[in-house]
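Report on the structure given below.
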Amino acid sequence: MQLMADEVAAKAKIESASPVHCDIRTVTGLMKILIYSDLHNEFDRFKPPQVEVDLVVLAGDIDLLTRGVLWANDTFDCPVIYCCGNHELYKGHIDRTLVKMKAAAGSHVHVMQNQTLVQGDVRFLVGTAWTDFTGTGDVVAASSVCAREMTDFRIIRAGENYRRLRPADVIEKNRVTRDFLTRELAAPFAGKTVVVNHHCPIPEAAGNDHDGHVSAAYFNRWHDLLAQADGWIFGHTHCAIDAYFGKCRVLSNPRGYPSEITGFDPYKIVEF
1 MQLMADEVAA
11 KAKIESASPV
21 HCDIRTVTGL
31 MKILIYSDLH
41 NEFDRFKPPQ
51 VEVDLVVLAG
61 DIDLLTRGVL
71 WANDTFDCPV
81 IYCCGNHELY
91 KGHIDRTLVK
101 MKAAAGSHVH
111 VMQNQTLVQG
121 DVRFLVGTAW
131 TDFTGTGDVV
141 AASSVCAREM
151 TDFRIIRAGE
161 NYRRLRPADV
171 IEKNRVTRDF
181 LTRELAAPFA
191 GKTVVVNHHC
201 PIPEAAGNDH
211 DGHVSAAYFN
221 RWHDLLAQAD
231 GWIFGHTHCA
241 IDAYFGKCRV
251 LSNPRGYPSE
261 ITGFDPYKIV
271 EF
């Protein structure tokens, strides 16, 4: 009951704010995309600047539970792709909270998990991703360290009996998303293909803030998939990046926690 009351209060706060008006137009040629992740509105609510874009991508960790979706409903009036992060699931359930997020979304907000959306000449492949803990070379050690040190495994629930999340749950989610991306990237598409995950696709884009086996919870080693995409948008690492790896433009624009220096740009607009 307390969570429901918190969500009602959060919705009331959001509805009191003025929406950001985006330029809603038929997309021809390059698509203008506003990119955000890791806004962490649960600590300090973010108010985006007025912009003219065709689409907004939210790459996870916007707020807890459904609050980020409610915020997106009222903050933007153009299409929004919302990829669930790990923080959306705090005090929630890895599967059931996602269902609630989808139910809370307005018609222009697309909460997506292992799903494809085509907007104009751009195909978006969206899924949280998670990791399989193989990134540091020892899945057993990395799983053990992350289970002990990561908040995810204390306050996210899973299964029919709402038990604590386990590394095995995350590994399975990672496998499903990799299979989805492998299948979709192999399907012909005449336009550009952009992947949206919360977790980082490759270690080279993850920054240097996390050492040892805990870093295996932050990145995958999906170089083979990255080589097949035109763009890859992610969050989670709290380290901004805009760089090419081969032909793929890899992007992250995280706001992070209050007072954290991440390289965040509130006007981060890219074109595909």
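Per my numbering, residue 1 is the first one in the sequence shown, and the count goes up by one each step. For every residue, glycine included, the Cβ atom is placed at its ideal position computed from N, Cα and C.
Work out the CA separation of residue j and residue i for me, nearest whole Å.
i      : j      : result
ARG96  : GLY127 : 16 Å
SER37  : LYS192 : 21 Å
ARG67  : GLY29  : 34 Å
ILE261 : TYR267 : 16 Å
ARG148 : GLN228 : 35 Å
ILE33  : HIS213 : 34 Å
ASP242 : ASN161 : 42 Å
ASP224 : THR131 : 15 Å
SER215 : VAL140 : 14 Å
LYS47  : GLY256 : 14 Å
ASP44  : TRP71  : 13 Å
THR26  : VAL56  : For THR26, the pLDDT reaches just 44, beneath the cut-off of 50, and the residue's location in the model is therefore unreliable, although a value from the coordinates is still provided. About 15 Å.
ASN253 : MET31  : 18 Å
GLY92  : MET101 : 11 Å
ALA217 : CYS248 : 23 Å
VAL176 : ASN208 : 27 Å
ARG183 : GLN115 : 11 Å
ASP23  : GLN50  : Low per-residue confidence applies at ASP23: pLDDT is 46, beneath 50, and the placement is therefore not dependable, though the value from the model is reported in the following sentence. Taking the straight line from one Cα to the other gives about 10 Å.
TYR90  : ARG163 : 13 Å
ALA103 : SER144 : 34 Å
ASN174 : PHE76  : 30 Å
THR151 : CYS200 : 18 Å
Look at residue i and residue j and say whether their C-beta atoms are less than 8 Å apart.
i      : j      : result
VAL111 : ALA105 : yes
ALA240 : HIS198 : no
CYS78  : LEU58  : no
PHE274 : VAL194 : The first residue shown for the chain is 1 and the last is 272, placing residue 274 beyond what the model contains.
ASP274 : GLY235 : Since the first residue shown for the chain is 1 and the last is 272, residue 274 is missing from the structure and cannot be characterised.
LEU165 : ILE156 : yes
ALA158 : ILE94  : yes
ALA205 : VAL270 : no
PHE153 : ALA142 : no
On a CA-only basis, which of the options is nearest residue i? Give me that one, please.
i      : options                       : result
LEU226 : ALA216, PHE245, HIS213        : PHE245
HIS210 : GLY135, LEU125, MET101, ASP61 : GLY135
PHE264 : HIS40, GLY29, MET31           : HIS40
CYS146 : PHE189, ALA168, ASN253, LEU34 : ALA168
ARG178 : PHE219, ALA103, ALA141        : PHE219
GLY137 : ARG221, HIS87, VAL69          : ARG221
HIS238 : PRO258, LYS247, LYS32         : PRO258
ILE233 : GLY85, VAL176, GLU42, PRO188  : GLY85
LEU181 : VAL69, GLN113, ASN73          : GLN113
PRO188 : ALA142, ALA217, VAL122        : VAL122
ALA186 : LEU125, GLU52, MET31, SER252  : LEU125
ALA190 : GLN50, LYS91, PRO49, GLN119   : GLN119
Would you grab the beta carbon distance between residue i and residue j for me? Rounded to a whole angstrom, and I think it's under 8 Å.
i      : j     : result
GLU274 : LEU65 : This structure leaves residue 274 out entirely; the chain is present only between 1 and 272.
HIS108 : VAL80 : 6 Å
GLU42  : ASP63 : 5 Å
Quick one: does the C-beta of residue i sit closer than 7 Å to a heavy atom of the ligand NAP?
i      : result
ILE155 : Ligands displayed in this structure: none; no statement on the ligand NAP is therefore possible.
Every unbroken alpha helix (DSSP H) within the segment 42-100, with a cutoff of 4 residues, ordered by chain: 67-75
Could you name each continuous alpha helix (DSSP H) segment of 4 residues or more that falls completely within the segment 156-233, going from the start of the chain to the end? 167-186, 223-226
Just to confirm the assignment: which complete beta strand (DSSP E) runs, minimum length 3, are found wholly within the segment 115-160? 115-119, 122-126
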